[in-house]
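Count the sequence shown with our numbering and you get residues 378 to 558, in order.
Everything on this sheet refers to the single structure shown next.
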Amino acid sequence: GISNGCSTIGISKTTPIEVMEQYYPVLFEEYSLHEGSGGAGQRRGGFGVNYRVRLRRGTARASFVMDHGRFGPLGMQGGDDGGVNKVSIRQSGQSFIPPHLSKAQDITISEGDAVSVSTPGGGGYGNPLERDPLLVQRDVQRGYYSPAQATERFGVVFQPDGTPDLAATARLRAAQQTALS
């Protein structure tokens, strides 16, 4: 799936962080892929993003309109669900998690406070044990999954050089498939 992809709102675009930092009193301290958030599947889900924004001066109001705070986007046809949204706010040296992610939050943010957000990943499609081991290897090389996550979620066994051990992968997948039956 597409990572950090398009919004379901057709006219919505992600403004480059450099533009936001130029026009608003904010500093993006992090903007990265939400690793492991894509649901496993023959076609894995795309990954969300992590970002942390610090207010450089003044005050602001923060509200969150988010779904998938408890349950990730659903996987289909045997695919795993995607990861969930996470929000944390650091004010005056103390961190807290808003109890409800809704438009009604209206949380005051002051100079030096930071908001951290992790967006959900997409749900996977199809049986994860049917994903091509070479695609899983590519995902590990790109840092989307650790080798341990790839073995657990996709049943791919890696050799010391990072390449898939196809015979061991076939044995593990057969055992995992039998356990699911």
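In this text, a Cβ means the ideal position worked out from N, Cα and C, and glycines have one as well.
query: Selection from 484, 442, 529, 433 that minimises the alpha carbon distance to residue 397; result: 433
query: Continuous alpha helix (DSSP H) stretch holding residue 405: start and end; result: That residue, residue 405, is in no alpha helix (DSSP H); its beta strand (DSSP E) goes 403–410.
query: Cβ neighbour criterion (16 or more within 10 Å) applied to residue 343; result: Not covered by the structure: residue 343. The range shown for the chain is 378 to 558.
query: Completely contained beta strand (DSSP E) runs for the region 390–473, where each covers 3 or more residues; result: 403–410, 426–432, 436–439, 463–468, 471–473
query: Given residue 414 as reference, the closest of 518, 514, 526, 435 once Cα atoms are compared; result: 526
query: Member of 535, 475, 456 whose CA lies at the smallest distance from the CA of residue 464; result: 475
query: Where the beta strand (DSSP E) containing residue 485 begins and where it ends; result: 484–487
query: Coil, strand or helix - residue 534 by DSSP; result: coil
query: Span of the alpha helix (DSSP H), counted from its first residue to its last, around residue 548; result: 543–557
query: Beta carbon of residue 513 nearer than 8 Å to that of residue 541; result: yes
query: Residue-level contact to chain D via CB, residue 422, 8 Å cutoff; result: Going by chain labels, chain D is absent from the structure shown, which holds only one protein chain.
query: Through-space distance from residue 511 to residue 551, alpha-carbon basis; result: 18 Å
query: Best match in 539, 408, 547, 420 for proximity to residue 457 [C-alpha to C-alpha]; result: 420
query: Of the listed residues 554, 444, 403, nearest to residue 504 (C-alpha basis); result: 554
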